[in-house]
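Accompanying notes for the structure given below.
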Ligand code: SF4
């Protein structure tokens, strides 16, 4: 509903359409959302493109802007160097989060957005406290606000249940590993 008051702009870093399905619903009335697909961690390129195309579909459902970041895989490998042998959920992941959220913060600043966040926290496989701390740290340095899980307004388990249901309804592509080459071995 348009009440004449313009909404603040939020850049939503999105890793896949699945994780973004219900968050889009939760955030659409509070913010003008820009979907930002910056995921140079995803391997191989065909998988990267498949997830990206699904996100484009989600953004178009909401008539929202979609921006694709660089697929700078060398930059990602540099960011996680020395932690290739870590298990999923170990010390490599915070470095992966930080790279993607730092780019999202930069984009938010460039687009004149006041807020940014990520769909990563919605996943049951990811630690929302670590993601919240990294995002908040980046936001504080940029003078922006990062939305943490607590700011989404519903318990994580409820968000995930609704996320799965909505993603199924939309028929979004469902991947079976986190994304990087090292997470493929956990399949
Ligand atoms: S397992 Fe997932 S979060 Fe962790 S480094 Fe790989 S792609 Fe990034």
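Residue numbers (this note's numbering): 1 to 187.
From the three backbone atoms N, C-alpha and C, an ideal C-beta is built for every residue, glycine too.
Exposed unless 16 or more other CB atoms sit within 10 angstroms - verdict on residue 124
Here residue 124 corresponds to residue number 124 of the chain shown, with the count starting at 1. Burial call: exposed.
Can you tell me whether DSSP reads residue 9 as helix, strand or coil?
Indexing the chain shown from 1 puts residue 9 at position 9. Residue 9: strand per DSSP, three-state reduction.
Residue 78 classed as buried or exposed, judged by whether at least 16 other C-beta atoms fall within 10 angstroms
Looking up residue 78 in the chain shown gives position 78. Per the 10 Å Cβ criterion, exposed.
Give me the Cα-Cα distance between residue 128 and residue 120, rounded to the nearest whole angstrom.
Here residue 128 is taken as the residue at index 128 of the chain shown, counted from 1. Here residue 120 is taken as the residue at index 120 of the chain shown, counted from 1. The alpha-carbon atoms of residue 128 and residue 120 are separated by roughly 8 Å.
What does a CB cutoff of less than 6 Å around residue 17 pick up in its chain, not counting 5 residues either side in sequence?
Along the chain shown, read from residue 1 onward, the residue named residue 17 stands at position 17. So the list reads 54, 55, 58 and 172, once near-sequence residues are dropped.
Just curious, the alpha helix (DSSP H) that residue 37 is in, first and last residue?
The count along the chain shown starts at 1 and reaches residue 37 at position 37. From DSSP, residue 37 is part of no alpha helix (DSSP H) but of the beta strand (DSSP E) over 32-37.
How is residue 194 classed by DSSP in three states: helix, strand or coil?
Any property of residue 194 remains undetermined from this structure, which presents the chain solely from 1 to 187.
I'd like the list of long-range same chain contacts for residue 36, defined as Cβ closer than 6 Å, with 5 residues on each side in sequence excluded.
Counted from its first residue, the chain shown places residue 36 at position 36. Only 11, 13, 67, 104 and 107 meet the Cβ criterion.
Go to residue 68, then tell me how far its beta strand (DSSP E) extends in each direction, as first and last residue.
Your numbering for residue 68 matches position 68 in the chain shown. Counting along the chain, the beta strand (DSSP E) containing residue 68 begins and ends at 65-68.
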